[in-house]
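Residue numbering for the sequence shown follows UniProt numbering, beginning at 1 and increasing consecutively. For glycine and all other residues, C-beta sits at the position ideal for the given N, C-alpha and C.
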Amino acid sequence: MSRTLSVDLNSDMGEGFGTWKKGDDAAILKIVSSANVACGLHAGDPEIMVETFRMAKENGVAIGAHPGFPDLWGFGRRPMPYTPGEIERLVAYQIGAAQALASYAGHEITYVKPHGALGNMAGADRKIGDAVTRAILGVDRSLVSLSIAMGAQDVSAREAGLTVASEIFADRAYTEEGLLVSRSEPGAVIHDAEAAAARAVRMVRNGAIETVSGQRLETPIDSICVHSDTPTAVAIAAGVREGLEAAGIAVKSFIEGARA
């Protein structure tokens, strides 16, 4: 996958539950090229999932399953002590739910991206990364693995022969090892829309993650994530897209390249 001519812009969607809403999905779906849709365990429910899939289709946005830990209270951002085997089945379960409701809504799941603590653990721990990879392989090996750039899942999926899209984050700080700074640390989440957008464009241009000290860690970059629950999410997403296009980098789903 090339990072020089185009890059995907994704965001986490459908993260409400029942009458409780989170993020402005309708606005962000007019900006991004891919939507990671919660599958009902860390957030989301059948009604929200179907509506999100329908809105994504209307906007020409690709959709992926966004499986997380079954932790509504913690929004899937708290590590949970599941075994790799249990994680494998939790991910497979959620992929299946997403595929069924996407089909019902007239759209198609084309990739998988683990959410929150599960995604961070899959990026840092090879056993967890392998569990996510096995779940994708077991359900539908045609699905693309959207994983944290330079992380364990990224390596695992490539070695298993899956199509992989490597992801960076516009609104999250990076450690010197290329991991996401813990949300418990100051400065872990970047709220300034202008700064986040400029930094994301620099990372794509340089083909490298930018750490908190300014160090560059070279990596393939196929997708940029903007978290939809950040208060300035719409402004960040719009700024990133505008910055990329001004730099001559097209914004389009990595699925187009994967299936070309």
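When the Cα atoms are used, what is the spatial distance from residue i to residue j?
i: L179; j: D12; result: 19 Å
i: A195; j: R141; result: 37 Å
i: A102; j: Y93; result: 14 Å
i: E218; j: K252; result: 22 Å
i: G74; j: G44; result: 13 Å
i: V234; j: G248; result: 21 Å
i: G18; j: N206; result: 42 Å
i: P70; j: L90; result: 9 Å
i: A246; j: V144; result: 28 Å
i: E86; j: M121; result: 14 Å
i: L162; j: D192; result: 35 Å
i: E47; j: N59; result: 19 Å
i: R236; j: I28; result: In the sequence under discussion, the amino acid at residue 236 is Ile, which differs from the Arg named in the question. One C-alpha to the other measures close to 10 Å.
i: A250; j: A26; result: 22 Å
i: R158; j: L137; result: 12 Å
i: I221; j: V204; result: 7 Å
i: A97; j: A160; result: 24 Å
i: V139; j: I95; result: 8 Å
i: L5; j: S33; result: 15 Å
i: M150; j: A38; result: 24 Å
i: E210; j: K127; result: 26 Å
i: S156; j: A238; result: 32 Å
i: L72; j: E177; result: 30 Å
i: I168; j: G214; result: 15 Å
i: A208; j: R216; result: 5 Å
To which residues of the same chain is residue i closer than 7 Å at the C-beta, ignoring the five residues directly before and after it?
i: D154; result: S147, I148, V164, S166
i: A198; result: G243
i: D125; result: A152
Within the same chain, show all residues whose beta-carbon is closer than 6 Å to that of residue i, passing over the 5 residues directly before and after it, in chain order.
i: H115; result: H42, H66, G68, G76
i: A105; result: V50, F53, R54
i: K22; result: E15, G16, D229
i: A35; result: M13, A56, V61, I63
i: K113; result: N36, G64, H66, L146
i: T110; result: A62, I255
i: E88; result: A131, R134, A135
i: residue 262; result: With the chain covering 1 to 260 only, the question about residue 262 has no answer from this structure.
Return the bridge partner residues of residue i from the DSSP annotation.
i: F169; result: C225
i: V112; result: A65, S145
i: S6; result: A250
i: R216; result: E210
i: Y174; result: L180
i: M13; result: V37
i: V189; result: R172
i: V164; result: S145
Tell me which residues share the same chain as residue i and place their Cβ nearer than 8 Å to its Cβ, disregarding the 5 neighbours each side in the sequence.
i: V181; result: R172, A173, Y174, T175, G187, A188, V212
i: V240; result: L9, A170, A196, A197, A200, V201, I224, V226
i: residue 267; result: Residue 267 cannot be examined here, being either before or after the span of the chain that is shown, 1 to 260.
i: P231; result: H191
i: D24; result: S228, A233, V234
i: W20; result: none
i: K30; result: N59
i: G40; result: P46, M49, Q94, A97
i: P84; result: K127, I128, D130, A131
Sorry if obvious, but does the Cβ on residue i come closer than 8 Å to a heavy atom of the ligand COA?
i: T175; result: Absence of the ligand COA is noted for the structure shown, with no ligands found whatsoever.
Counting only runs of 4+ residues fully inside the stretch 34 to 89, write out the alpha helix (DSSP H) ranges in chain order. The qualifying runs are 46 to 58.
Under 8 Å, with one C-beta from each stretch per pair, do the stretch 171 to 189 and the stretch 128 to 143 reach the 3-pair mark? Inter-segment contact for the stretch 171 to 189 and the stretch 128 to 143 is absent: fewer than three beta-carbon pairs are separated by less than 8 Å.
Start-end ranges of the beta strand (DSSP E) lying completely within the stretch 115 to 156, minimum 3 residues: Qualifying beta strand (DSSP E) stretches, in chain order: 144 to 148.
With three or more C-beta pairs closer than 8 Å as the rule, is the stretch 78 to 85 touching the stretch 107 to 122? Touching, per the Cβ criterion.
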